[in-house]
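Participant: In the working numbering, the protein residues as written are 5 to 212. Sending over a structure as structure tokens; questions will come in a sec.
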């Protein structure tokens, strides 16, 4: 009978060693504190954006760093800035085209459209510069500036669609008009997502 406690001790020791071994093996395969992958961060961050599918697509293909809300906010503004510049250049070329048969008033509407988009480009540039130089002591003030500039760019995107399309009233062929409409609306969508990312950054810092 004296050997029973000894056998029980051996059994418990082996059981404990097995538990430790399998726990270590499981933790090695599925680390609990693993940092989120960039694509996972993009997907979760874009979930409640105005245009989540566009947000995921544009930010997932972005080649720069995207490790935190600040990176994503900068990336979103860069996407918006790139699209706005592209549309501005496109419309500038269209408005100066010799073979575009439009009236003087319509050409003036196109010129106004280009000017408005150029202002949005400048506002987005200012926003990006502010996001790149955020400081703890001036964070709130800088975020307020960024939100104001992107909001202005977004509001402009909503209003200059009518101005731009007014320049194509009576123009033969709907393709050019539909292309312009699509490009401008796309700028509005990515700018809306950029504004969301900036607001999200502001909220995340506020909770920190």
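All residues carry an ideal CB built from backbone N, CA and C; glycine is no exception.
Would residue 62 be called buried (16 or more neighbouring beta carbons within 10 Å of its own) or exposed?
Facilitator: Numbered from 1 along the chain shown, position 58 holds the residue referred to as residue 62. Buried.
Participant: Using a Cβ distance threshold of 8 Å, determine whether the region 74 to 85 contacts the region 125 to 137, with at least three qualifying pairs required.
Facilitator: yes
Participant: Kindly provide the ranges of any beta strand (DSSP E) runs that are 3 or more residues long and lie completely inside the region 54 to 103, ordered along the chain.
Facilitator: none
Participant: For the alpha helix (DSSP H) that contains residue 144, what are its first and last residues?
Facilitator: Working through the chain shown from its first residue, we reach residue 144 at position 140. Start and end: 143 to 170.
Participant: Since I believe residue 88 is in contact with residue 125 (beta carbons under 8 Å), could you give me their beta-carbon distance rounded to a whole number of angstroms?
Facilitator: On the chain shown, position 121 is the one that residue 125 refers to. On the chain shown, position 84 is the one that residue 88 refers to. Yes, residue 125 and residue 88 are in contact; Cβ-Cβ is about 5 Å, under 8 Å.
Participant: Taking 8 Å as the cut-off, does the region 142 to 152 touch the region 112 to 119 (at least 3 CB pairs, one atom from each stretch)?
Facilitator: no
Participant: Go ahead and label residue 51 buried or exposed: buried means 16 or more other beta carbons lie within 10 angstroms of its beta carbon, across all protein chains shown.
Facilitator: The residue you call residue 51 lines up with position 47 of the chain shown. Looking at its Cβ environment, which holds fewer than 16 other Cβ atoms inside 10 Å, residue 51 is exposed.
Participant: Quick check on residue 82: buried or exposed, where buried means 16 or more other Cβ atoms within 10 Å of its Cβ?
Facilitator: Your numbering for residue 82 matches position 78 in the chain shown. Result: buried.
Participant: Which of helix, strand or coil does DSSP assign to residue 187?
Facilitator: Taking the first residue of the chain shown as 1, we reach residue 187 at position 183. Correct three-state label for residue 187: helix.
Participant: Excluding five sequence neighbours on each side, which residues of the same chain lie with their C-beta closer than 7 Å to the C-beta of residue 162?
Facilitator: Start at 1 with the first residue of the chain shown, and residue 162 comes out as number 158. Closer than 7 Å at Cβ, skipping near neighbours: 192.
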